[in-house]
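Chains as they are written, first to last, in this note's numbering: chain A, 1 to 272; chain B, 1001 to 1250.
Even for Gly, the Cβ is constructed at its ideal location relative to N, Cα and C.
Take a look at the structure set out below.
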Ligand SMILES: Nc1ncnc2c1ncn2[C@@H]1O[C@H](COP(=O)(O)OP(=O)(O)O)[C@@H](O)[C@H]1O
Ligand SMILES: [Mg+2]
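So this is what it looks like as structure tokens:
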């Protein structure tokens, strides 16, 4: 797949294609009885690939929802080029795309209609061009033969790819990926990494990737953040993260399987 | 106390939902196809059940009237009674109840599952207002299908009454006499009263269904609970509204 073909044509609708930077300042968020995020500060540069890693339940998806403007933080704020993502106008301007952890495909629509919905509803281009765009996005992810299937007929990995294709069709300037490779085989994961890198190089798309995939995080990212129990432990380049001396981060990145001294036994001991 | 507050809160949300949906009315030409699809699903597929229930409601009305009036000798008014009751009261209420059970429940289930599985969030990030895509076509479709279903139901109910009057020897009102007494007091205004009721009921049922669905949080269990809640609130709303509309139209 040639990189230059990732996008068909710059759409006339979106004139403002300057790269998008994100500012998260003293953001905290909690639900009924539980504080999830504590005082998060991040400055993501225009055109950057920024990866957020961290154990399950550490608040990564919640953080993405705040950045996408789906929920409002309890305190602090998120700004995309100085604008509030909770405003529809902001999302429209940068064509913000969020790849949901479980895909969030429209279950009553075929794969084709899932992808065509955004350009159709926003009249971005003529119908014939929508077809080209959609089929092209499906080809990039090698799922063009699923176009007339319903999401229920797809495997988890295929749904994930449809979700990514649906984001590509939007020609976004900011893509938020929630665990994009979690259900994919290594080859497909590599393709996703290539897509993310190509979007950055060719179109200066800013990407925020939540992932457990060490290879993805430490190869394509410009910077990596480690989130643990709702707090940022570190924000640094992949090289620095890789050579960190922080034992918690080292253990998270390279867990050693210790059969003589199992972790769950330690947990049991500490519970007594 | 909390439950009462929650009740008023959801009424408030429903009103906001209706306002937001109709705010996207200028895009109506684009949602014609969806409106037609929902109309087909909700209307056409409800025809058999509407027909069966109306027929038997008309029939039982005539039968009960026949039994009660056997001793009074007021049999000539059975047609009037069935005619008015069906057109102004039982027709609209029955169609609305069928709508709540068949269409409202499935709309709530569908929207609740879209909400729970982040499909609604996906629409929001794509800047496609759920009100425009999901709610407005359903509200419009129900406004189209309610009058049709109600007229069908009313006429079939009248037929049910006629069949009973003719076939039960102790009633023994021939069709000509039945229709004559039905027509004698039936006016366009009375028919219209019924249709106005039907439109209001249908709109409210669909609004409750959409609102309950879109406000669901949690998982599969909550989807089930949402459906129950939607149908129960719709039934309560139909009967309470019926009282007040009847009073207003009197
Ligand atoms: N809508 C919600 N209501 C209540 N709690 C939530 C909600 N969303 C997330 N949480 C809680 O926030 C914490 C972080 O969740 P999440 O961001 O999904 O973790 P992850 O890092 O695995 O993506 C979890 O403990 C979860 O239970
Ligand atoms: Mg998550």
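Any non-hydrogen atom of ligand 2 within 8 Å of residue i CB
{"i": "residue 35 of chain A", "result": "no"}
Contact test: residue i Cβ vs ligand 1 heavy atom, cutoff 8 Å
{"i": "residue 210 of chain A", "result": "yes"}
{"i": "residue 93 of chain A", "result": "no"}
{"i": "residue 58 of chain A", "result": "yes"}
{"i": "residue 1217 of chain B", "result": "yes"}
{"i": "residue 55 of chain A", "result": "yes"}
{"i": "residue 258 of chain A", "result": "no"}
{"i": "residue 1117 of chain B", "result": "no"}
{"i": "residue 1182 of chain B", "result": "no"}
{"i": "residue 63 of chain A", "result": "yes"}
{"i": "residue 227 of chain A", "result": "yes"}
{"i": "residue 31 of chain A", "result": "yes"}
Burial state of residue i, where buried means 16 or more other Cβ atoms lie within 10 Å
{"i": "residue 1114 of chain B", "result": "buried"}
{"i": "residue 189 of chain A", "result": "buried"}
{"i": "residue 1211 of chain B", "result": "buried"}
{"i": "residue 1105 of chain B", "result": "buried"}
{"i": "residue 1070 of chain B", "result": "exposed"}
{"i": "residue 2 of chain A", "result": "With a pLDDT of only 42 at residue 2 of chain A, under 50, the local geometry of the prediction cannot be trusted, and the value read off the model is given with reservation. Exposed, by the Cβ-count rule."}
{"i": "residue 201 of chain A", "result": "exposed"}
{"i": "residue 173 of chain A", "result": "buried"}
{"i": "residue 177 of chain A", "result": "buried"}
{"i": "residue 10 of chain A", "result": "Low per-residue confidence applies at residue 10 of chain A: pLDDT is 45, beneath 50, and the placement is therefore not dependable, though the value from the model is reported in the following sentence. So residue 10 of chain A counts as exposed."}
{"i": "residue 1183 of chain B", "result": "exposed"}
{"i": "residue 248 of chain A", "result": "exposed"}
{"i": "residue 85 of chain A", "result": "buried"}
{"i": "residue 260 of chain A", "result": "exposed"}
{"i": "residue 243 of chain A", "result": "exposed"}
{"i": "residue 101 of chain A", "result": "buried"}
{"i": "residue 50 of chain A", "result": "buried"}
{"i": "residue 1044 of chain B", "result": "exposed"}
Residue i (DSSP reduced to helix, strand or coil)
{"i": "residue 1069 of chain B", "result": "helix"}
{"i": "residue 3 of chain A", "result": "Legend: pLDDT at residue 3 of chain A = 43, less than 50; position of this residue unreliable, value from coordinates given subsequently. In this structure, residue 3 of chain A counts as helix in the three-state DSSP scheme."}
{"i": "residue 1240 of chain B", "result": "helix"}
{"i": "residue 77 of chain A", "result": "strand"}
{"i": "residue 1193 of chain B", "result": "helix"}
{"i": "residue 32 of chain A", "result": "coil"}
{"i": "residue 53 of chain A", "result": "strand"}
{"i": "residue 23 of chain A", "result": "strand"}
{"i": "residue 12 of chain A", "result": "At residue 12 of chain A the pLDDT is 43, less than 50, meaning the model places this residue with poor confidence; the figure from the coordinates comes in the next sentence. It is coil, neither helix nor strand."}
{"i": "residue 204 of chain A", "result": "coil"}
{"i": "residue 1117 of chain B", "result": "coil"}
{"i": "residue 96 of chain A", "result": "coil"}
{"i": "residue 264 of chain A", "result": "helix"}
{"i": "residue 106 of chain A", "result": "coil"}
{"i": "residue 223 of chain A", "result": "strand"}
{"i": "residue 175 of chain A", "result": "strand"}
{"i": "residue 1250 of chain B", "result": "coil"}
{"i": "residue 217 of chain A", "result": "helix"}
{"i": "residue 236 of chain A", "result": "strand"}
{"i": "residue 39 of chain A", "result": "strand"}
{"i": "residue 1143 of chain B", "result": "helix"}
{"i": "residue 1088 of chain B", "result": "helix"}
{"i": "residue 44 of chain A", "result": "strand"}
{"i": "residue 1050 of chain B", "result": "helix"}
{"i": "residue 228 of chain A", "result": "strand"}
{"i": "residue 83 of chain A", "result": "strand"}
{"i": "residue 1014 of chain B", "result": "helix"}
Cβ pair residue i, residue j closer than 9 Å
{"i": "residue 175 of chain A", "j": "residue 192 of chain A", "result": "no"}
{"i": "residue 1046 of chain B", "j": "residue 1145 of chain B", "result": "yes"}
{"i": "residue 234 of chain A", "j": "residue 224 of chain A", "result": "yes"}
{"i": "residue 103 of chain A", "j": "residue 160 of chain A", "result": "yes"}
{"i": "residue 1194 of chain B", "j": "residue 1129 of chain B", "result": "no"}
{"i": "residue 1235 of chain B", "j": "residue 1014 of chain B", "result": "no"}
{"i": "residue 166 of chain A", "j": "residue 137 of chain A", "result": "yes"}
{"i": "residue 183 of chain A", "j": "residue 212 of chain A", "result": "no"}
{"i": "residue 1135 of chain B", "j": "residue 1025 of chain B", "result": "no"}
{"i": "residue 1001 of chain B", "j": "residue 1087 of chain B", "result": "no"}
{"i": "residue 1157 of chain B", "j": "residue 1022 of chain B", "result": "no"}
{"i": "residue 114 of chain A", "j": "residue 232 of chain A", "result": "no"}
{"i": "residue 30 of chain A", "j": "residue 45 of chain A", "result": "no"}
{"i": "residue 1189 of chain B", "j": "residue 68 of chain A", "result": "no"}
{"i": "residue 1160 of chain B", "j": "residue 1059 of chain B", "result": "yes"}
{"i": "residue 1061 of chain B", "j": "residue 1082 of chain B", "result": "yes"}
ask   = Under a criterion of Cβ closer than 6 Å to any non-hydrogen atom of ligand 2, which residues qualify, in chain order?
value = A/60, A/61, A/101, A/178
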